[in-house]
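Below: one structure, written as structure tokens.
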Amino acid sequence: RRQREQSEAVSDCVTADGVRVEVFANLGKGAAEAAEAVGLGAEGCGVLRTEFLFMDRETPPSEDEQFAAYQGIADALAGRPFIIRTFDIGADKPVPYLHFPPEDNPQLGLRGVRTASVWPELLTTQLKAAARVKGQVRIMLPMITAPHEIRAIRTVLAGMGASLPLGAMVETPSAGLLADQLVADADFLSIGTNDLTQYVLAIDRGHRALSGQLDALHPAVLRLIARASDAANAVHKSAAVCGGLAADLVAAPILIGLGISELSVPPPVVPRLKAAIRRLNSDACRTAARAALELETPEAVRALVKANFVEED
Ligand code: PEP
Ligand code: MG
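Under the UniProt record's numbering, the letters of the sequence shown match residues 501 to 813, in that order.
Okay, here's the thing in structure tokens:
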């Protein structure tokens, strides 16, 4: 039995009717975490939250320090895809050595690629470190709102002689609405449902009293996910989900039904998610996803999934 579990853990993940879905890990610690994720069956890293290298210190990490950290993770991933997200500093991820202007609403302020455009040398250093890594490295940009932001960073990469696949996170309503434009410039899309839900529903992701209403299965969020997925699939590029919704097993049939081909989740969730995907039928997923887009509340979407898919955990 253990042998079967081990071989299931590392083998490709396909639905019961043979549709391939890649299951990646969200990482944000270092090489040991990456090795653990691979052991649990992760097929790559869908987002390295690089903020861990920038936080809790007095100065930013040097190029060499970053290179060493990224290379260690790449080695642990042993040739699997490795998506390095450029730093998403600001809002819920502050650092002491950058002097931010006073902000009334930090979640609507300087963060992600906006922070990078205020401190461009910080971004150049990070890109140089990432470009030196031997492995299947891809770069991903947080808080994109329009295609020119991707082009600007592709120009920076080209200026340093690096040609790495460059993807955009879809985590602002603007990115969801302009997804068809983004895929002209991005090599892939990855949907960050934590921020996308915050911005679509206008509820701070850290708001305690309103957290019960912060459900990424809200049909409004699903419509933007559908839009991003359709835009990517139309040009044969991949659309992933790397936000918390990917780790919600109730969401798996809906996301797969919407055409999402890659799910990235915290390492401990990888085995359960792979097992759940293997039980799904893609036609049933598509039917449920189409119906979910017409519902009015996340509760109704959850009820629809529960009524149509048996849980066998
Ligand atoms: C997201 O917003 O869903 C996401 C994956 O990024 P983070 O949670 O790091 O903001
Ligand atoms: Mg985010």
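Beta carbons are placed, not taken as given, at the ideal position from N, Cα and C, and that holds for glycine.
Here the structure is a predicted model, which is why all the values come from computation and not from measurement.
The criterion of a C-beta distance shorter than 8 Å is not satisfied by ILE584 and LEU598. When distances are taken from the beta-carbon of CYS742 to the heavy atoms of the ligand PEP, the shortest one is below 7 Å.
Residue pairing of LEU689 in beta bridges, as defined by DSSP: ALA668, ALA739. Between the stretch 682 to 698 and the stretch 640 to 657 there are three or more C-beta pairs closer than 8 Å, enough to call the two in contact. Collapsing the DSSP output to three states places CYS545 in a strand. Nearest Cα to GLU799 within the set VAL670, ASN733, ALA751, VAL656: ALA751.
In the three-state reduction of the DSSP assignment, LYS628 falls in the helix class, which pools H, G and I.
Judged by the Cβ position, PRO673 fails to qualify as a neighbour of the ligand MG at the 7 Å threshold, every heavy atom of the ligand being at least this far. Secondary structure at ASN605: coil, using DSSP grouped into helix, strand and coil. The stretch 681 to 729 contains, as complete alpha helix (DSSP H) runs of 4+ residues, the segments 693 to 701 (chain order). Listed as beta-bridge partners of LYS593 by DSSP are GLY590.
Just measuring C-alpha positions, the residue of ALA746, SER729, LEU540 sitting nearest LEU689 is SER729. One alpha carbon belongs to ALA734, the other to GLU558, and they sit about 45 Å apart. Annotation: the continuous alpha helix (DSSP H) that includes ASN808 extends over 798 to 808. In terms of Cα proximity to VAL521, the closest of SER738, ALA537, ALA668 is SER738. If you draw a straight line from the Cα of VAL547 to the Cα of SER764, it comes to about 7 Å. At least one heavy atom of the ligand MG sits closer than 7 Å to the Cβ of ASN694. Minimum Cα-Cα distance from ALA807 among the listed residues SER617, PRO753, ALA775 corresponds to PRO753.
Approximately 5 Å separates the beta-carbon atoms of PHE552 and GLY528; this is inside 8 Å, confirming the contact.
For SER764, the secondary structure class from DSSP, reduced to helix, strand or coil, is strand. GLY530 is the residue among GLY530, PRO596, ARG580, GLY544 whose C-alpha sits nearest the C-alpha of PHE567.
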